[in-house]
Amino acid sequence: MSFKSWYNVKSLAVEGPDVNEDVPSMEACFEKITQLIDREINEFGVDPSRIIISGFSQGGSVAFYYGLTCKYKLGGIAILSSWLPLRTQLQSLLQNPEFDFKNCKTPIFIAHGDADNVLEYKYGVSSKDYLVNQVLNQEGGSEHVEFHTYKGMGHSSNEEELRDLGRFIGKVLN
């Protein structure tokens, strides 16, 4: 499956020999987001702790990785119907003693419908499990991670998810 939006999705494999991620295009996305956040901070005086990076589906994968690796301590990360890409790169970063993992305790909201036929529910679960067991366990725990399952929800949003997301945003910003 190949389609273009944020970057080319060549495969949804995130581990093993089938991993084929469009790293250059993803890095270009990260650079654009960095420029946007830099502008908000430098031109408008926004405190990074008041910034929540979020995305749905492919945009969620960009937000997931970027939020974890951002040079600023963000207020929150919210991921809807998505997955965590670039796991090999993330592990390399975490093993680099010069990398400052500013967002290891940042509140994280992950939501996925169990009837998603575009990006199966298992991708959301495996991403949360990887985050908790392979990333955050090295950094002191995962009590700041919320994972929400929405019964019967496909590759979309529903009122319950939006209410939960609103509650998360309110908690982060208050």
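Basically this note's numbering = 1-based index in the sequence shown + 1268.
For every residue, glycine included, the Cβ atom is placed at its ideal position computed from N, Cα and C.
Because the structure is a prediction, the values reported are computed rather than measured.
Same chain, Cβ closer than 7 Å to residue i, five either side skipped, listed in chain order
{"i": "K1419", "result": "D1382"}
{"i": "Y1334", "result": "F1298, I1301, I1321"}
{"i": "E1407", "result": "F1369, C1372"}
Spatial distance of residue i from residue j (CA atoms)
{"i": "N1385", "j": "N1426", "result": "15 Å"}
{"i": "H1423", "j": "I1378", "result": "14 Å"}
{"i": "I1305", "j": "M1421", "result": "32 Å"}
{"i": "K1390", "j": "S1325", "result": "13 Å"}
{"i": "G1328", "j": "R1355", "result": "15 Å"}
{"i": "F1271", "j": "S1293", "result": "Caution applies to F1271, whose pLDDT of 49 falls short of 50 and renders its modelled position unreliable; the value that the coordinates give is listed next. If you take the alpha carbons of F1271 and S1293, they lie about 13 Å apart."}
{"i": "E1428", "j": "V1291", "result": "34 Å"}
{"i": "E1414", "j": "S1349", "result": "14 Å"}
{"i": "Q1363", "j": "N1442", "result": "33 Å"}
{"i": "F1312", "j": "I1345", "result": "21 Å"}
{"i": "I1347", "j": "V1393", "result": "12 Å"}
Best match in the options for proximity to residue i [C-alpha to C-alpha]
{"i": "L1404", "options": "E1295, P1292, Q1359, M1294", "result": "Q1359"}
{"i": "R1318", "options": "T1374, E1289, V1413, Q1357", "result": "T1374"}
{"i": "E1289", "options": "L1430, P1353, G1323, E1308", "result": "P1353"}
{"i": "G1409", "options": "I1376, A1331, S1350", "result": "I1376"}
{"i": "V1330", "options": "D1315, A1296, P1365, T1356", "result": "A1296"}
{"i": "L1430", "options": "H1380, S1394, V1393", "result": "H1380"}
{"i": "G1487", "options": "I1309, V1393, S1394, D1315", "result": "Because the chain is modelled from 1269 through 1442, residue 1487 falls outside the range shown and cannot be assessed."}
{"i": "S1395", "options": "E1411, H1412, W1351", "result": "W1351"}
Residues bridged to residue i [DSSP beta-bridge criterion]
{"i": "Y1340", "result": "Looking at the DSSP assignment, Y1340 forms no beta bridge with any residue, so it has no partner."}
{"i": "W1381", "result": "In the sequence on display, residue 1381 carries Gly and not Trp. According to DSSP, which records beta bridges pairwise, G1381 is partnered with Y1418."}
{"i": "I1345", "result": "I1321, I1376"}
{"i": "V1413", "result": "I1376"}
is_contact[residue i, chain C] using C-beta, thresh 9 Å
{"i": "T1302", "result": "Of the protein chains in the structure, only one exists, and it is not chain C."}
Residues near residue i in its chain [Cβ-Cβ closer than 6 Å; skip 5 each side]
{"i": "D1388", "result": "Asp is not the amino acid found at residue 1388; the sequence shown has Glu there. Closer than 6 Å at Cβ, skipping near neighbours: no residue."}
{"i": "T1417", "result": "D1382"}
Touching by the beta-carbon criterion (3+ pairs, under 8 Å), the region 1333-1353 and the region 1365-1377: yes
Three or more C-beta pairs below 8 Å linking the region 1391-1406 and the region 1434-1442: no
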